[in-house]
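This note's numbering applies: residue 879 is where the sequence shown begins, and numbers increase by one.
See below for the structure under consideration.
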Amino acid sequence: MSIQVIVLNGGSSSGKSGIARCLQAVLPDPWLTLGTDTLVEAAPSSGPTSAAGIEFRPDGEVIVGPEFRALEAAWMTGIAAMAQAGAHIILDEVFLSGSASQQPWQNAFGPLPVLWVGVRCDRGVAAAREIARGDRVPGMAASQAGLVHEGMVYDLEVDTGQAEALECARIIAAHVEREPARAITEAPTRAGARERAREAKGESVGQAEREPAGDVGREATMGDGMQEPGEGFPPGQHPRQPAAQEMTCG
879 MSIQVIVLNG GSSSGKSGIA RCLQAVLPDP WLTLGTDTLV EAAPSSGPTS AAGIEFRPDG
939 EVIVGPEFRA LEAAWMTGIA AMAQAGAHII LDEVFLSGSA SQQPWQNAFG PLPVLWVGVR
999 CDRGVAAARE IARGDRVPGM AASQAGLVHE GMVYDLEVDT GQAEALECAR IIAAHVEREP
1059 ARAITEAPTR AGARERAREA KGESVGQAER EPAGDVGREA TMGDGMQEPG EGFPPGQHPR
1119 QPAAQEMTCG
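Below, the structure is given as structure tokens:
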């Protein structure tokens, strides 16, 4: 059974939206991109830095209340239903509670084959993009850069400070096309993540055995230092026109 859902998890201004657009360009089948921004944009806004049950603090902290959580639970069920009906989904997400945010999605997806991808970005690089964009609460990128990855174990990781969005997308697409998908109930392990990272770099098993473990899954990191319109928060400030260097992805 082929991979049905690709989950991109990373902080604000980490480059997820650009990767998602490039994935749509390089993957052979039609893929829908949905995520946090889609839900926030759909929710009623009560101001430039707040929506139903969610608040964006001046220091970049995001406070999520029960009202938004209820909407989010229904949203997750709907996304999973679309995937179960046959739609290929690229999920552009910000797991503010790290692995605790991943669990509800795992429950919603059930046995669906899911590829979990960590989108890393240096805190300083993300903060610089945030300033250049001018449509985010200052401090959001820096506060989320490490927070969203706490406790997470991925199938694959990319680093958007090291390569462009299209290159990251090609790495992910090659992984999707090469590896038979595992059901979400077969959660990714650290050993498995490291092995898949080695494969993504084209290294043999013997090479992997001769080298120290290091940070699990980090060997496969790649990425791009681009501006990321329409990613992360807050509502009412989501420009949709891609930056010039992203135009190759349609």
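From the three backbone atoms N, C-alpha and C, an ideal C-beta is built for every residue, glycine too.
Just so we're clear, the structure is a prediction, and the values are computed from it rather than from any experiment.
query = Is it buried or exposed for Ser842, if we count other Cβ within 10 angstroms and need 16 for buried?
reply = The requested residue 842 does not occur in the structure, where the chain is confined to residues 879 to 1128.
request  = Out of Pro1016, Phe987 and Ser1021, state which residue places its alpha-carbon closest to the alpha-carbon of Leu969.
outcome  = Checked all of Pro1016, Phe987 and Ser1021; the closest Cα to Leu969 is Phe987.
Cβ neighbour criterion (16 or more within 10 Å) applied to Ser895 = buried
Backbone CA spacing between Ala952 and Thr916 [nearest angstrom] = 13 Å
request  = With DSSP collapsed to three states, give me the class of Glu971.
outcome  = strand
request  = Decide if Met1018 is buried, meaning its Cβ has at least 16 other Cβ atoms within 10 Å, or exposed.
outcome  = buried
request  = In angstroms with no decimal places, state the Cα-to-Cα distance between Ile1009 and Ile897.
outcome  = Each residue's Cα considered, the two are about 20 Å apart.
ask   = Taking the runs of the alpha helix (DSSP H) that are 4 residues or longer, which of them lie wholly in the segment 980-1045?
value = 1001-1011 and 1018-1025
Cβ neighbour criterion (16 or more within 10 Å) applied to Asn985 = exposed
ask   = From the DSSP output, which residues share a beta bridge with Trp909?
value = His966
ask   = Applying the criterion that 16 or more other CB atoms from any shown protein chain within 10 Å of the CB defines a buried residue, is Arg1056 buried or exposed?
value = Label assigned to Arg1056: exposed.
task = For Cys900, collect the residues of the same chain with a Cβ closer than 6 Å to its Cβ; drop the 5 residues on either side in sequence, then sort them by chain order.
result = Ala1043, Leu1044, Ala1047 and Cys1127
task = Label Glu945 either buried or exposed according to how many other C-beta atoms from any shown protein chain fall within 10 Å of its C-beta, with 16 as the threshold for buried.
result = exposed
task = Assuming Val904 contacts Ala1051 (C-beta within less than 8 Å), just tell me the rounded distance between them.
result = 5 Å
request  = Quick one: measure Cβ to Cβ for Val942 and Leu974, integer angstroms, because I've assumed they're closer than 8 Å.
outcome  = 7 Å
query = Given a threshold of 16 other Cβ atoms within 10 Å of its Cβ, counted over all protein chains shown, does Glu1028 qualify as buried or as exposed?
reply = exposed
task = Give the straight-line distance between the Cα atoms of Ala837 and Arg998, rounded to the nearest whole angstrom.
result = It is not possible to answer for residue 837, since the shown part of the chain is limited to 879 through 1128.
request  = Compute the beta-carbon to beta-carbon distance between Val972 and Val1026, rounded to the nearest angstrom, for a pair I have assumed lies under 8 Å.
outcome  = 6 Å
When Ile967, Asp1037 and Val918 are compared against Ala1023, the one with the closest alpha-carbon = Asp1037
request  = Give a yes or no on whether the C-beta atoms belonging to Ala930 and Ala920 are separated by under 7 Å.
outcome  = no
message = Can you tell me whether Glu939 is helix, strand or coil according to DSSP?
response = coil
query = Hey, Leu910 and Ala965: beta-carbon distance below 7 Å or not?
reply = Here Leu910 is near Ala965, since their CB atoms are less than 7 Å apart.
task = Could you check how far apart the C-beta atoms of Leu993 and Val918 are, in whole angstroms? I think they sit under 8 Å.
result = Cβ atoms of Leu993 and Val918 stay farther apart than 8 Å, at about 24 Å.
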